[in-house]
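Student:
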Amino acid sequence: MHGAWVAGWCWRPIARPLRAKGHEVYTPTLTGVGERSHLLRAGIDLDTHIKDILNVIKFEELSGIVLCGHSYGGMVVTGVADAVPDKIAALVYLDAFVPENGQALADLVPQGRQPMGDGIAVPPLPPSAFGVSPEKAALWESRLTPHPAQCFTQPVKRTGGIGRIRRRHYIYANDPQPTSFTQFYEKFRNAPGWTVHTLPCTHLVQLDMPAELTQLLLDAASQ
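Using this note's numbering, the letters of the sequence shown map in sequence onto residues 9 to 231.
1) Just to check, is the beta-carbon of residue 56 closer than 7 Å to a non-hydrogen atom of the ligand SAM?
2) Please look up how many angstroms separate the CB atoms of residue 224 and residue 205, rounded, as I've assumed it's under 8 Å.
3) Go through its chain and collect everything with a Cβ distance to residue 136's Cβ below 6 Å, but skip five positions before and after it.
4) If you reduce the DSSP assignment to three classes, tell me which class residue 77 lands in.
5) According to DSSP, simplified to helix, strand and coil, what is residue 213?
6) Relative to the C-alpha of residue 139, which candidate in 105, 162, 186 and 112 has its C-alpha closest?
7) Quick test of the definition: if touching needs 3 or more C-beta pairs under 8 Å, does the segment 40 to 51 touch the segment 20 to 27?
8) Return the Cβ separation of residue 164 and residue 198 in integer angstroms, given the expectation that the two are a contact with Cβ distance under 8 Å.
9) Nearest-angstrom Cα distance between residue 207 and residue 63?
10) Quick check on this structure: which residue in 142, 141, 116 and 150 has the alpha carbon closest to the alpha carbon of residue 132?
11) Let me check one thing: in DSSP terms, what residues is residue 199 bridge-paired to?
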């Protein structure tokens, strides 16, 4: 699952080699962003995005899923995994937020860094804000779109289902550090039931280290 301001297109460098290895890969775009930005409106929230993915799972009749969420996508996959844990073989957080029950994304970022917008949408942060080089940043910047504001303020609801998923991975991008995601690396690196990896790149891992990320997802699928 993609992060804020991007869309399913950001997974293209990962999806192609995964498919070449024989895996079925889905890279859905959440309501209101990317090629679905024409649907942006007031009222789109975290629940909307969780439902987006639950419907993909339902209508595509998916099971045995390696569910990956990047950045804001961690909020979405948490809600999805909690709702349908029996469909999930492995849960992968890619430099992502991992909320507890009742936490919103705005609760998990340092004071003063909460996303701000007009109440309907939050303008995108440029890739350069994450330390990406200008050459690489240009590949993404033209395709960024505003993100529905309520997605950042609605708390996730966890009812315990996610605890039934035994294979959980956290991939931490540590250049530069610390970041908003260092807290999750510290929390999970020695936690039972978690496998933690570190990649020496910026937060935009799909852009910086696609081959290494692909291999980590292949490893998660094969365990």
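Idealized CB from N, CA, C, for every residue including glycine.
Tutor: Inspection of the coordinates gives the following:
1) Among the ligands in the structure shown, none appear at all, so the ligand SAM cannot be discussed.
2) On the sequence shown, position 216 is the one that residue 224 refers to. On the sequence shown, position 197 is the one that residue 205 refers to. Residue 224 to residue 205, Cβ: 6 Å. Contact.
3) Counted from its first residue, the sequence shown places residue 136 at position 128. Excluding residues within five positions, the ones whose Cβ falls inside 6 Å are 145.
4) Here residue 77 corresponds to residue number 69 of the sequence shown, with the count starting at 1. In this structure, residue 77 counts as strand in the three-state DSSP scheme.
5) The residue given as residue 213 occupies position 205 in the sequence shown. In this structure, residue 213 counts as helix in the three-state DSSP scheme.
6) Stepping through the sequence shown from its first residue, residue 139 is reached at position 131. Considering only alpha carbons, the answer is 186.
7) no
8) By 1-based counting over the sequence shown, the position of residue 164 is 156. By 1-based counting over the sequence shown, the position of residue 198 is 190. Not a contact, Cβ separation roughly 24 Å.
9) Counted from its first residue, the sequence shown places residue 207 at position 199. Counted from its first residue, the sequence shown places residue 63 at position 55. Going from the Cα of residue 207 to the Cα of residue 63 covers about 32 Å.
10) Position 124 of the sequence shown, counted from the first residue, corresponds to residue 132. Measuring from the Cα of residue 132, the nearest candidate turns out to be 150.
11) Within the sequence shown, numbered from 1, the residue matching residue 199 stands at position 191. Answer by DSSP bridge pairing: none, since residue 199 is not bridged.
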